[in-house]
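> Under our numbering, the residues of the sequence shown are numbered 1276 to 1486, in order.
Beta carbons: idealized from backbone N, C-alpha and C, even for Gly.
Sharing a structure, written as structure tokens. Questions coming.
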Amino acid sequence: MIKAVFFDLDGVLVNACDWHYHSLNEALRNISDTEIERDEHMSTFNGLPTKKKLQLLSDNGRIKTEDHDKIWNEKQLLTEKVIQVHAKVDIDKQNLHKLLQKRGLILCCVTNSIRKTALLMLEKTGQLNFMKTVITNEDVVNPKPNSEGYQKAIDFFNLDSREVLIIEDSDKGYEAAIGTGAHVFRVKDPSFVNIKNVFNKIESLNKERKK
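Here it is as structure tokens:
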């Protein structure tokens, strides 16, 4: 039986992928006069933490290694400003979390975002208090696509991986989730993370387990 639901953040609980994309590009333009095109963002960069994105850009000779800290710091400031302006309480997600908790399910968020940004997004969208814990890229040695974050959450709650449903959107996140042996529900964007879809998935998995 499914005992816990673990959520990614950007693209699953919060429609913030574009916030990160535009904030990073603004910082890149301001400091290094370059940017990430939309198609390469989707094929290569989406789902990676900012520091890994910067390393990839350096490996390709597009930014200087000594500029990493400046770009990273400016990107975080820009992202925080965007969150403050655009993040709104998500009643639909709150209702989903309430029903999941009523069923006795453990809720957790595992993200490649830094802790400050992750907590701010969850707080501003009214979802933070529903999460039993939040695991960020600052809590692991190896962020997604490595499975460490999700495995850490499974171990923290003393669960078997087959008792967990992970909801992910990006290729990198899906790879991390599948690596744990947990059940994975891959979604296109946060609108798919609703009461009907999530509960249908859980019921389907529980029925399969009973066979």
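Ignoring anything shorter than 4 residues or poking outside the stretch 1384-1426, list the alpha helix (DSSP H) runs there in chain order.
Qualifying alpha helix (DSSP H) stretches, in chain order: 1390-1399.
> Quick test of your reading: Ser1307 and Asp1342, contact by CB under 8 angstroms. State the CB separation rounded to the nearest angstrom.
Mapped onto the sequence shown, residue 1307 falls at position 32. Mapped onto the sequence shown, residue 1342 falls at position 67. At roughly 6 angstroms, the Cβ-Cβ gap stays under 8 angstroms, so Ser1307 and Asp1342 are in contact.
> Rounded to a whole number of angstroms, what is the C-alpha to C-alpha distance between Asn1475 and Asn1387?
Looking up residue 1475 in the sequence shown gives position 200. Looking up residue 1387 in the sequence shown gives position 112. Between Asn1475 and Asn1387, the C-alpha separation is close to 27 angstroms.
> When the Cα atoms are used, what is the spatial distance from Lys1447 to Leu1323?
Translated into the one-based positions of the sequence shown, residue 1447 becomes position 172. Translated into the one-based positions of the sequence shown, residue 1323 becomes position 48. Approximately 7 angstroms between the Cα atoms of the pair.
> In this structure, does DSSP put Val1473 in helix, strand or coil?
In the sequence shown, counting from the first residue as 1, residue 1473 sits at position 198. Val1473 falls in the helix class under three-state DSSP.
> Could you tell me the alpha carbon to alpha carbon distance between His1316 and Leu1299, rounded to whole angstroms?
Stepping through the sequence shown from its first residue, residue 1316 is reached at position 41. Stepping through the sequence shown from its first residue, residue 1299 is reached at position 24. Distance between the alpha carbons of His1316 and Leu1299 is about 11 angstroms.
> Could you please give the first and the last residue of the uninterrupted beta strand (DSSP E) stretch that includes Arg1461?
In the sequence shown, counting from the first residue as 1, residue 1461 sits at position 186. From DSSP, the beta strand (DSSP E) with Arg1461 extends over 1458-1461.
> Check this for me: beta carbons of Met1396 and Ile1358, under 8 angstroms apart or not?
As a position in the sequence shown, residue 1396 is number 121, starting the count at 1. As a position in the sequence shown, residue 1358 is number 83, starting the count at 1. For Met1396 and Ile1358, yes; Cβs fall inside 8 angstroms.
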